[in-house]
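Colleague:
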Amino acid sequence: MQINRTQLFRASCLSLLVTGLSFGIRAGILNKLGTDFQLDKAQLGAITATAFWGFPLAVVIGGMVVDIIGMKKLLVLAFIFHLVGIVLTIFANGYWTLFLSTLLVGLANGTVEAACNPLVAGLYTDNKTTKLNHFHLWFPSGIVIGTVIVFLLNKLGLSWQIQVATMLIPTVIYGFLFSKLDFPVTERVASGVSYGGMFKALLNPLFLFMFVCMFGTAITELFTGQWIDVLLKNVTDNALLILTLDTGVMVLGRAFAKPVLKKISPQALLLVSAILAALGIFMLSTVTGPLIYVAAIVFGMGVCFFWPTMLGFVNTNIPATGALGLNLMGGAGMFSVAIFTLFMGGFYDRIVKEAGSDTLAGKQVLQATLVIPIILIVAFTGLVIYMRSKTKTKIESAAAVQV
866 MQINRTQLFR ASCLSLLVTG LSFGIRAGIL NKLGTDFQLD KAQLGAITAT
916 AFWGFPLAVV IGGMVVDIIG MKKLLVLAFI FHLVGIVLTI FANGYWTLFL
966 STLLVGLANG TVEAACNPLV AGLYTDNKTT KLNHFHLWFP SGIVIGTVIV
1016 FLLNKLGLSW QIQVATMLIP TVIYGFLFSK LDFPVTERVA SGVSYGGMFK
1066 ALLNPLFLFM FVCMFGTAIT ELFTGQWIDV LLKNVTDNAL LILTLDTGVM
1116 VLGRAFAKPV LKKISPQALL LVSAILAALG IFMLSTVTGP LIYVAAIVFG
1166 MGVCFFWPTM LGFVNTNIPA TGALGLNLMG GAGMFSVAIF TLFMGGFYDR
1216 IVKEAGSDTL AGKQVLQATL VIPIILIVAF TGLVIYMRSK TKTKIESAAA
1266 VQV
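For the sequence shown, our numbering assigns the number 866 to the initial residue and increments by one for each residue that follows.
1. At which residue ranges does the segment 867-901 contain complete beta strand (DSSP E) runs of 3 or more residues, listed in the order of the chain?
2. Please report the distance separating the alpha-carbon of LEU879 from that of GLY1227.
3. Output yes or no for whether 8 Å exceeds the beta carbon distance between ILE1216 and GLN1229.
4. Look at the alpha carbon of LEU922 and the alpha carbon of GLY1196, and state the distance between them as a whole number of angstroms.
5. Decide if GLY928 is buried, meaning its Cβ has at least 16 other Cβ atoms within 10 Å, or exposed.
6. Leaving out the 5 sequence neighbours to the left and right, which residues in its chain are closer than 7 Å to PHE1205 when beta-carbon positions are compared?
7. Return the Cβ separation of TRP1025 and LYS897 in integer angstroms, given the expectation that the two are a contact with Cβ distance under 8 Å.
8. Are the CB atoms of ILE1146 and LEU1241 nearer to each other than 8 Å?
9. Can you round the beta-carbon distance between ASP932 and ALA1188 to whole angstroms, since I take them to be within the 8 Å contact cut?
10. Which residues in the same chain as ALA1139 place their Cβ atom closer than 6 Å to its Cβ, once the five residues preceding and following it in sequence are excluded?
11. Does the Cβ of VAL1268 have 16 or more other Cβ atoms within 10 Å, making it buried, or fewer, making it exposed?
12. Have a look at GLN872, LEU1136 and LEU948 and flag the residue whose alpha-carbon is nearest the alpha-carbon of SER967.
13. For PHE1170, does the three-state DSSP call read helix, strand or coil?
14. What separation, rounded to the nearest whole angstrom, lies between the Cα atoms of LEU1068 and ILE1038?
15. Just reading off the alpha helix (DSSP H) that ALA1055 is part of, what are its end residues?
16. Among ILE1250, LEU1191, VAL941 and ASP1214, which one has its Cα closest to the Cα of ASP1047?
17. Less than 8 Å between the C-beta atoms of LEU953 and LEU965, yes or no?
18. Which two residues bound the contiguous alpha helix (DSSP H) that contains ASN1019?
19. Would you kindly check if the distance between the Cβ of VAL883 and the Cβ of ASN1192 is under 8 Å?
20. Where does PHE1121 fall in DSSP's three states?
21. Would LEU1235 count as contacting chain C if we go by Cβ distances under 8 Å?
22. Taking the continuous alpha helix (DSSP H) assigned at LEU984, which residues delimit it?
23. Assess contact between the segment 1127-1137 and the segment 1004-1024, defined as three or more Cβ pairs (one per stretch) separated by less than 8 Å. Is contact present?
24. If the criterion is Cβ atoms closer than 8 Å, does the pair MET1079 and GLY1190 meet it?
25. Count the other CB atoms, across all protein chains shown, that sit within 10 Å of the CB of GLN903; report buried if there are 16 or more and exposed otherwise.
26. List the endpoints of the continuous alpha helix (DSSP H) containing ALA957.
27. Please report how far the alpha carbon of ASP1111 lies from the alpha carbon of VAL1054, in whole angstroms.
28. Kindly list the residues whose CB is nearer than 6 Å to the CB of LEU998, restricted to its own chain and excluding five residues on each side of it in sequence; keep chain order.
29. Between which residues of its own chain and LEU1144 is the CB-CB distance below 6 Å, once the five residues before and five after are set aside?
30. Taking 8 Å as the cut-off, decide whether the C-beta atoms of ALA876 and LEU1042 are in contact.
31. Under the three-state reduction of DSSP, which class applies to LEU1067: helix, strand or coil?
32. Report back the beta-carbon spacing between ILE1008 and GLY1090 to the nearest angstrom; my notes put them in contact at under 8 Å.
33. Please report the distance separating the alpha-carbon of ILE955 from that of LYS1257.
34. If we ignore side chains and look at the alpha-carbon of each, how far apart do GLY1177 and PHE1076 end up?
35. Determine the extent of the alpha helix (DSSP H) in which MET929 is found, giving its start and end residues.
36. Taking buried to mean at least 16 other C-beta atoms within 10 Å of its own C-beta, is THR1151 buried or exposed?
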């Protein structure tokens, strides 16, 4: 068996690009779907949430079986889910076909992460957080490309079905690439950590803390991005451009993760991210005119490092949690977004009925979401203090041994 690390990484990035494309294109056509199929915001919220709870379902199950069946079989399954989900979306004729197709795409996205997160961590054991940031830059890249596709094809007068069909091209390519490559075993298997040892590591208080924090980082990043066109459609004529702008910032940030992480620890980076994310959401909910694009940049800087740094921190500091630990983190994030999206869809509709204002509803939903990064600021401040004391204890112990 010959493991080609570079080709495996590139194919992984392409599969994650499809995940980002599904997010960006869905965000861009969400209002159009509501109009064409006469769906209210609660129904749109339920459809959108399906992708987010399909993801954790796949990522948790995938995390439990990836060590047994191998990463290659999981990625073949992801390819099938993506292919069927995209085709079914193109031929959707109402709420339930959209619901099912979005679920399949969510399952595909989760299966990609279930296999590729441990794959990247295992391929680059000496540089996990940086390479996970490089890998995860392809998610916002997909969002940027997806929103640009929606914008350009709308200008050309092409249907949302054609916009969705563009995802078939990278899907077929990544499916072909993975079918031709050999895969290593997961890092946990290679290091000889038992299944029991992995489950024991999952009870580590630090892992449980990060697991809960993942709820907040995911909601802050993904809910806001997926609904930005709906929430700000009456504040600016270019609401989708805001999503393109903040995800563009994410792409650049993750591309330069290596020099950033040389200057600042992962836990301190999470704290700074939470502060900027809170400021960005506050600005998005209050400013108008050109300043809203400044708000998008600040928000993008805030959420840029959240997802990959959370995963890298856990896998670096609690490596015995293995693929399951990585995938439970991802599953927790997406599941929380699904629940939050369902709740906020109904909340949006109630505000519109009571106040008769889409603009007011969008601002109030953003202001309600602002509470989450504020809580994260407190949580990550505690994490920075804890890790500093832990490092100090290690240094003192090492000095004592030398004496």
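No residue lacks a Cβ here, since even glycine has one placed at the ideal position from N, Cα and C.
Modeller: On the basis of the coordinates in this document:
1. none
2. 33 Å
3. yes
4. 7 Å
5. buried
6. ILE1084 and PHE1088
7. 5 Å
8. no
9. 6 Å
10. PRO1238, LEU1241, ILE1242 and PHE1245
11. A caution first: VAL1268 carries a pLDDT of 49, below 50, which makes its placement in the model too unreliable to give a value.
12. The question names Ser, but residue 967 in the sequence shown is Thr. Checking every option, the nearest Cα to that of THR967 belongs to LEU948.
13. coil
14. 39 Å
15. 1052-1056
16. VAL941
17. yes
18. 1003-1020
19. no
20. coil
21. The structure shown contains no chain C, having only a single protein chain.
22. 960-988
23. no
24. no
25. exposed
26. No alpha helix (DSSP H) contains ALA957, which DSSP labels as neither H nor E.
27. 38 Å
28. Checking the displayed sequence, the identity of residue 998 turns out to be Asn instead of Leu. ARG1119, ALA1122 and PRO1173.
29. VAL1163
30. yes
31. coil
32. 7 Å
33. 57 Å
34. 13 Å
35. 906-934
36. exposed
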